[in-house]
Amino acid sequence: MARPASDDSSQLESTPTARQATDSALVDRLRAGDDEAFSDLVRSWSPMMLRVARTYVSTDASAQEVVQEAWLAVIRGLDRFEGRSSLRTWVLAILANLGRTRGVREARTIPWSSLGPSETDGPAVGRDRFGGPDDAWPRNWTPVGAPRPWQPSPEDEAVARQVSGELSDALAELPERQRIVVSLRDVHGLSSDEVCSVLGVSAGNQRVLLHRARSRLRGHLEQHYATRPAGWGS
Amino acid sequence: MGLVTDEHPAPGLAVTCQEVVELVTDYLEGALDEDSAAEVAAHLRLCGGCAEYVEQMRATIRALGQVPVATLSEAAQADLVQAFRDLRRPDQSRQGDG
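Chains as they are written, first to last, in the numbering used here: chain W, 261 to 494; chain C, 1325 to 1422.
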């Protein structure tokens, strides 16, 4: 409940009027010194901010400090917020500035412009699952290769926890840049614009990394469904 | 179906399943041009395998939103709320103005 689903955030981005109304009500409460509003905000945004901060600095402890610094800067800077971006984008910009400064000191930088083959190569789905040039339907699913429905659905209460565990493990195995992008987008619900701006990655490279990451994660779940059909929920 | 030729395949048949699985992110992100997006959408209406594939991508994305995440310690969060009270106490800002 603390995190917005990515669908919500993209909707938020697409309706600037609604966003501004929500934002300005929230900013009014914060400026009036409403500590409950601030506490809710810290609770709901700190996980996402920690993940962003961790992309600039080399340790979790450093990331925690950067996030705390950023919140203090937000408290002090509230009166300067003009509502030209969403409140969240403004907070992220403050965080990114602090994180970058600290990252330079810690000599930690991730190159986002030059993606290597390990980050971008490989098909989303194995080639053997599609028809070859001599088959009736070249490059389309073979009867055996076509995806099977997932039963029970990953959202089913009986398996949701195991699905989460599988995805956590699979995330840890992704190449770093894929892991960062898919975590910010899908785990933390940032929009593509927000990810591009905090990471300094182009929209195209962001999509390539997101595509590779999501494809692998889907494949990981698929394999899990295929190999232990009876193991779920037990 | 008899009208389908290599030059003018029916909507949804100009793109193959193998291409669809590589276009799915651009499709979901709204990054495809209008014609390509329409072609993928038409393909998904014809092809159960690809429709299932896209649904699995969506399910994966939704499930990622439920993965446990780290946050600041309760103590650090409490410190921040205290800092907020200290720095933005309503009566204090009024005094500052006056």
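Built from N, CA and C at the ideal position, the CB exists for glycine as well. Computed from a predicted structure; not experimentally measured.
For residue i, three-class secondary structure by DSSP
i: W/W350; result: helix
i: W/P398; result: strand
i: W/G391; result: strand
i: W/E325; result: helix
i: W/L355; result: helix
i: C/F1408; result: helix
i: W/L427; result: helix
i: C/Q1342; result: helix
i: W/D453; result: helix
i: W/R291; result: helix
i: W/E417; result: helix
i: W/L481; result: helix
Beta-carbon neighbours of residue i, restricted to chain W and to distances below 9 Å
i: C/L1368; result: By Cβ distance, chain W contributes nothing, its closest Cβ being about 13 Å from C/L1368, past 9 Å.
Listed by chain order, chain C residues near residue i by CB distance under 9 Å
i: W/L470; result: T1349, E1353
i: W/W350; result: None at all; the shortest Cβ gap to chain C is about 17 Å.
Residue-chain proximity (residue i, chain C), Cβ-Cβ < 8 Å
i: W/D416; result: no
i: W/W372; result: no
i: W/E342; result: no
i: W/V385; result: yes
i: W/D295; result: yes
i: W/L347; result: no
i: W/S318; result: no
8 Å Cβ cut-off: residues of chain W touching residue i
i: C/L1396; result: V302, S306, L310, Q324, V327, Q328
i: C/L1356; result: Neighbours of C/L1356 on chain W: none; closest Cβ ~11 Å, over 8 Å.
i: C/P1392; result: S424, S428
Partner residues on chain C for residue i, Cβ-Cβ distance less than 7 Å
i: W/V423; result: A1387
i: W/A285; result: Result: empty, since nearest Cβ-Cβ is about 17 Å, beyond 7 Å.
Short CB-CB distance (under 8 Å) between residue i and chain W
i: C/A1365; result: no
i: C/G1336; result: no
Beta-carbon neighbours of residue i, restricted to chain W and to distances below 7 Å
i: C/L1411; result: I335, R336
Chain C contacts made by the segment 388–403 of chain W, where a contact means CB separation under 7 Å: Answer in chain order: F390, R399, N400, W401.
Proximal residues, the segment 454–467 of chain W versus chain C, C-beta separation under 7 Å: Residues R467.
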